[in-house]
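> In the working numbering, each residue's number is its place in the sequence shown (first place is 1) plus 299. Glycine residues also receive a C-beta, built at the ideal position from the N, C-alpha and C atoms.
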Amino acid sequence: MANKGNKFIVVLTESQLGWGEKRYTSSRNYRKGEAYLAIPRRIAQELELYNSNYKEGKDILGINIFNCTSSDGKFICQFKSQGSKSAGDKYAKQFSVNDDLRALGNWYSEINARVGDQIEVYFTSPCDICLTYLKK
Numbered sequence: 300m301a302n303k304g305n306k307f308i309v310v311l312t313e314s315q316l317g318w319g320e321k322r323y324t325s326s327r328n329y330r331k332g333e334a335y336l337a338i339p340r341r342i343a344q345e346l347e348l349y350n351s352n353y354k355e356g357k358d359i360l361g362i363n364i365f366n367c368t369s370s371d372g373k374f375i376c377q378f379k380s381q382g383s384k385s386a387g388d389k390y391a392k393q394f395s396v397n398d399d400l401r402a403l404g405n406w407y408s409e410i411n412a413r414v415g416d417q418i419e420v421y422f423t424s425p426c427d428i429c430l431t432y433l434k435k
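#1: Quick one: what does DSSP say Y407 is sitting in, helix, strand or coil?
#2: Out of E333, K379, I308, which one is the CA nearest neighbour of Y390?
#3: Measuring CA to CA, which of S424, Q417, C429 is closest to K303?
#4: By Cβ distance, which residues of its chain are closer than 6 Å to F394, with the 5 residues on each side in sequence left out?
#5: From which residue to which residue does the alpha helix (DSSP H) around I342 run?
#6: What's the C-alpha gap between G372 and D388?
#7: At 3 residues or longer, and completely inside the stretch 371-415: list those beta strand (DSSP E) runs for me, N to C.
#8: Rounded to the nearest angstrom, what separates S385 and E345 at their Cα positions?
#9: Roughly how many whole angstroms lie between the Cα atoms of E409 and I375?
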């Protein structure tokens, strides 16, 4: 479980900034504005960041649901850790806004985030995350 003070930095990629359009799968239609924030595998394991496979599809605060704000105050949401490296894997590979894949993309647009910029993910508690944009 993540604890207060745990943090990691994610370097933004084209795929993260434009997930709805820059996808490497054709499992569904492209959707402009969708975005995500990657979780490195080592970090997911170290901080025990799980997807819904971990608790049989249940969403649990501090397990795969987190309260999220940005340090600039422009982004407030409920983050969901989701996705997996392979079918049935319990570790999450990304964060996105619960039930709104465009919300994070809207924030990226608002802060003018670009490929190579960084986002610091800082846990203020086991259930709360603060994102800080670090321009390249």
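Taking the coordinates as given:
#1: Taking the sequence shown and counting its residues from 1, the one referred to as residue 407 is at position 108. Y407 falls in the helix class under three-state DSSP.
#2: Taking the first residue of the sequence shown as position 1, residue 390 is located at position 91. With distances taken between CA atoms, Y390 lies nearest to K379 out of E333, K379, I308.
#3: Along the sequence shown, read from residue 1 onward, the residue named residue 303 stands at position 4. That would be S424, whose Cα lies nearest to the Cα of K303.
#4: As a working note, residue 394 is residue 95 in the sequence shown. So the list reads L336, F378, S380, once near-sequence residues are dropped.
#5: Position 43 of the sequence shown, counted from the start, is the residue given in the question as residue 342. DSSP places I342 in the uninterrupted alpha helix (DSSP H) bounded by 340-346.
#6: Within the sequence shown, the letter at position 73 stands for residue 372. Within the sequence shown, the letter at position 89 stands for residue 388. Whole-angstrom Cα-Cα distance: 34 Å.
#7: 375-381, 393-396
#8: Within the sequence shown, residue 385 is the residue found at index 86, counting from 1. Within the sequence shown, residue 345 is the residue found at index 46, counting from 1. One Cα belongs to S385, the other to E345, and the distance between them is close to 18 Å.
#9: Along the sequence shown, one-based indexing puts residue 409 at 110. Along the sequence shown, one-based indexing puts residue 375 at 76. Answer to the nearest angstrom: the Cα atoms are 13 Å apart.
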